[in-house]
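Contents: one structure, followed by commentary.
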Amino acid sequence: MTEASPKRPNFLTRHGMLIFVVTLAILFPFIVGLIEGQSPATVIASEGGNSKFLMGLAVEVFILALFALSYDVLLGITGLLSFGHQMFFAVGAYGSGIMLKSLGWSLPLTLLGILVLAILQALLFGVVLPRVHGITFALVTLGIASMFWIVIQSPDVGDWTGGDVGLQGASSLVPAWINTNDHRFRFYLMALAVLVLFYLVFRRIVSSPTGAVMVANRENQDRALMLGYNTLWFKMFALVITSIAAAIAGMLWTMHQPIVTPTVAGLGWVVAALLMVLMGGIGTLTGAIIGAAMFRLLSFYLERWFGGGASLMLGVTYVLLVLFLPYGIVGTWRLKQARVSEGRKRLVALVTGKGG
Amino acid sequence: MTEALLRTENLTKEVGALVAVDDVSISIGAGTLHSVIGPNGAGKTTLLNLLSGTLKPTEGRVYYKGDDITRVPVYDMIHRGIGRSFQITNIFPFLTVFENVRLAAQATGSDNFKFWRTAASFPDYTTRARSVLEDVGLADESLIPANALPHGDQRKLELAMILAPNPDVLLLDEPTAGMASEQVPELVDLISRIQAGTDKTVVLVEHNMNVVMNASDRITVMNHGSVLAEGSPSDIAANEVVQEAYLGSLYEEGPE
Chain A
1 MTEASPKRPN FLTRHGMLIF VVTLAILFPF IVGLIEGQSP ATVIASEGGN
51 SKFLMGLAVE VFILALFALS YDVLLGITGL LSFGHQMFFA VGAYGSGIML
101 KSLGWSLPLT LLGILVLAIL QALLFGVVLP RVHGITFALV TLGIASMFWI
151 VIQSPDVGDW TGGDVGLQGA SSLVPAWINT NDHRFRFYLM ALAVLVLFYL
201 VFRRIVSSPT GAVMVANREN QDRALMLGYN TLWFKMFALV ITSIAAAIAG
251 MLWTMHQPIV TPTVAGLGWV VAALLMVLMG GIGTLTGAII GAAMFRLLSF
301 YLERWFGGGA SLMLGVTYVL LVLFLPYGIV GTWRLKQARV SEGRKRLVAL
351 VTGKGG
Chain B
357 MTEALLRTEN LTKEVGALVA VDDVSISIGA GTLHSVIGPN GAGKTTLLNL
407 LSGTLKPTEG RVYYKGDDIT RVPVYDMIHR GIGRSFQITN IFPFLTVFEN
457 VRLAAQATGS DNFKFWRTAA SFPDYTTRAR SVLEDVGLAD ESLIPANALP
507 HGDQRKLELA MILAPNPDVL LLDEPTAGMA SEQVPELVDL ISRIQAGTDK
557 TVVLVEHNMN VVMNASDRIT VMNHGSVLAE GSPSDIAANE VVQEAYLGSL
607 YEEGPE
């Protein structure tokens with residue numbers, strides 16, 4: 001028997017990496033403050049300076065990471081190719097903006113409203129799920145999302161959505177104690193906490209019986225059906241949970257940005273998610289987060305340093321990454337690790353004369 | 357003859373102009389090993405697809421325990437107690453051997469949507485998967501990816517995946533297909549041992565007549581989509597029409 005039921009590693013070994021990264025993320029504004037000569041008190045008060053600015057950039061990374069994470073669960077885990085995922089995000093962004101601004105709802109009520117909308121839009125996608133598969137599903141979802149993209153820019157709803165200019169000023173309606181301008185450090189911690197929460201939830205789901213069937217659906221849908229799984233319900237489940245995550249990401253976006261533009265409802269937004277997932281490593285979850293960080297930071301710094309030439313350099317970077325790391329950063333790294341441990345096993349077998 | 361567990365009535369499947377299965381009415385007794393043999397293109401696999409719900413017939417019905425199951429969706433079959441394997445190995449290639457079988461065991465449980473617990477925390481499925489892998493002789497390979505198995509072992513995995521949910525009826529589509537000839541008796545022996553030991557009903561589709569002669573309780577011979585003969589192995593062995601069909605097909609191999 002190959003499985004000698006190894007002793008369960010202790011808490012620190014299992015979660016060490018996560019704890020390390022989260023601690024680093026919490027300390028990050030203070031480290032920046034230290035370099036800039038800001039006292040920790042000023043960093044916490046978020047009065048300004050580079051630490052406030054970089055916290056703002058990091059919040060964007062967290063939000064994009066949550067969006068990419070949800071796309072990875074849908075595409076990388078469940079095997080559902082959707083080109084309408086931007087709508088999941090945009091409904092969260094525009095929905096919360098309208099609820100805060102036009103309807104004058106409180107933040108908790110807005111959150112509740114977004115959860116309801118997220119489930120409803122997932123069900124809308126679910127309606128076409130039994131009828132279309134593969135690339136057809138991608139195109140149908142793109143069609144639905146494009147309709148949404150057109151509608152929000154229409155002058156008829158301009159009072160609510162801001163038309164093609166965008167929805168402005170919703171973030172200032174967020175209560176001061178968690179407002180991104182008044183208390184950037186709190187908002188930063190909150191966004192980080194939301195990302196970590198969704199990451200942990202998704203990681204658990206992937207390792208659950210439900211996640212096992214989602215993976216089976218990705219690997220060989222016909223066989224999953226034959227084994228006795230009505231895969232429709234598992235795909236539906238994936239749509240609902242990823243819609244919730246994407247809509248929450250959209251809501252955070254609205255709370256953080258002075259203006260929400262129709263860009264977040266466009267095809268470019270889902271392509272961005274696809275890029276983040278591919279760069280980080282599809283189906284790895286952590287890869288989506290690393291990919292989002294690379295995506296946002298690369299585009300920000302390349303633009304700052306090189307101005308107009310930045311988009312060309314970005315394009316070249318993506319091509320090189322996909323060319324040389326076809327499984328993404330995390331995917332390739334895991335493959336290397338597996339090969340190293342395989343090689344080690346072989347070496348041990350060779351030396352001890354026992355079969356690996 | 358024992359009471360029929362699985363029964364077809366005038367089952368017909370037309371694929372374009374071709375009648376792949378033509379007016380087939382057979383009865384499969386509970387607890388028997390019933391083989392369906394015939395030359396290439398005789399309609400054996402199509403018949404199995406109709407029995408397992410993968411295909412829906414043009415005409416005719418399938419009854420299981422007296423219920424009409426002709427239009428039952430394919431994912432419902434195992435929950436009724438009917439499992440099937442495939443002639444062309446149909447597994448989850450990048451999952452481990454163990455996970456392939458564990459998934460098969462999980463399917464008939466009621467924990468599929470317990471997404472807040474890890475799959476490893478359901479011992480029912482993990483122990484079931486281990487014991488089935490033990491039965492088919494793949495216990496030592498349980499942690500390697502399924503596509504890294506040699507072909508013969510993939511056939512065993514296919515068998516393990518159908519055994520894991522413990523169905524009453526096993527529909528096996530050429531379980532020995534593509535296996536090295538010295539491995540074939542071992543697998544057939546395994547199947548007949550499982551069938552005898554658990555009182556399961558097995559429908560075994562085979563191309564090679566010799567493989568099933570000793571193991572079967574009853575044999576149906578098909579040719580050109582219809583039933584040519586049915587009876588005990590000794591009846592079939594003595595049947596001249598069958599001999600002719602088989603010898604004929606040896607010289608002019610029909611289309612696959």
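Listed in order, the protein sequences are those of chains A and B. Quick note, in our numbering, the first sequence goes up one by one and the last residue is 356. Quick note, in our numbering, the second sequence goes up one by one and the last residue is 612. Ideal Cβ positions, reconstructed from N, Cα and C, are used throughout, including at glycine.
N564/B carries a coil assignment under DSSP once its states are collapsed to helix, strand and coil. Closer than 8 Å to the CB of H390/B there is not a single CB belonging to chain A. In this structure, the CA atom of A571/B is about 9 Å from the CA atom of R549/B. With a minimum length of 3 residues, the unbroken runs of beta strand (DSSP E) contained wholly in the stretch 459 to 529 of chain B fall at 525 to 529.
Residues of chain A with a Cβ closer than 9 Å to the Cβ of R427/B do not exist; the shortest Cβ-Cβ separation is about 15 Å. Residues of the stretch 192 to 223 of chain A with a C-beta less than 8 Å from any C-beta of chain B: R204, I205, S207, S208, P209, T210, G211, A212, V213, V215, A216, E219, N220, D222 and R223, listed in chain order. Secondary structure at Q38/A: coil, using DSSP grouped into helix, strand and coil. Going by beta carbons, E47/A and R296/A fall outside the 8 Å limit. From the beta-carbon of N446/B, the residues of chain A found nearer than 8 Å are N220, D222, R223 and M226.
For the stretch 463 to 487 of chain B, the set of residues with a beta-carbon nearer than 7 Å to any beta-carbon of chain A comprises A463, T464, D467, N468, F469, K470, F471, W472, R473, T474, A475 and F478, in chain order. If you draw a straight line from the Cα of D591/B to the Cα of A138/A, it is about 57 Å long. Chain A has no Cβ within less than 8 Å of the Cβ of P506/B. Neighbours of L403/B in chain A, taken as residues at a C-beta separation under 7 Å, are lacking, since the least C-beta distance is about 17 Å. Take the alpha-carbon of L584/B and the one of L232/A: they are about 41 Å apart.
Identification of chain B residues near Y327/A by a Cβ-Cβ cut-off of 9 Å yields none; the smallest Cβ-Cβ distance measures about 12 Å.
Straight-line spacing of the CA atoms in T242/A and A373/B works out to 46 Å. Contacts between P521/B and chain A, judged by CB atoms closer than 8 Å, involve L227 and G228 in chain order. Its Cα nearest to that of V371/B, the residue G397/B stands out among S381/B, S391/B, V392/B and G397/B.
Non-local beta-carbon contacts of A495/B in its own chain, meaning distances under 8 Å to residues more than five positions away in sequence, involve R486 and L489 in chain order. For T332/A, the three-state secondary structure derived from DSSP is helix.
In this structure, G328/A sits near M279/A, with a CB-CB distance shorter than 8 Å. Membership of M578/B in the beta strand (DSSP E) is indicated by the continuous run R574 to N579. In chain order, L227 and G228 make up the part of chain A whose C-beta sits under 9 Å from the C-beta of A460/B. Under the DSSP definition of a beta bridge, L584/B lacks any partner. The C-beta of L362/B comes no closer than 8 Å to any C-beta of chain A.
The C-beta of Y419/B comes no closer than 8 Å to any C-beta of chain A. CA-to-CA, the gap between I98/A and T78/A works out to about 32 Å.
Contact between the stretch 426 to 446 of chain B and the stretch 523 to 539 of chain B is present: 3 or more CB-CB pairs across the two stretches fall below 8 Å. In this chain, I144/A is not harboured by any beta strand (DSSP E); it is covered by the alpha helix (DSSP H) spanning G134 to Q153. Looking only at S70/A, L54/A and L320/A, the smallest Cα-Cα distance to A249/A is reached by S70/A. A distance of 8 Å or more separates the beta carbons of Q539/B and G493/B. Proximity to K235/A across I282/A, S172/A, A193/A and P130/A peaks at P130/A, based on C-alpha coordinates. Distance between A65/A and I282/A, taken at the CA atoms: about 13 Å. Note that the stretch 302 to 309 of chain A does not touch the stretch 83 to 94 of chain A; fewer than 3 beta-carbon pairs, one per stretch, sit closer than 8 Å. Looking at the backbone, the Cα of M578/B and that of I444/B are separated by about 20 Å.
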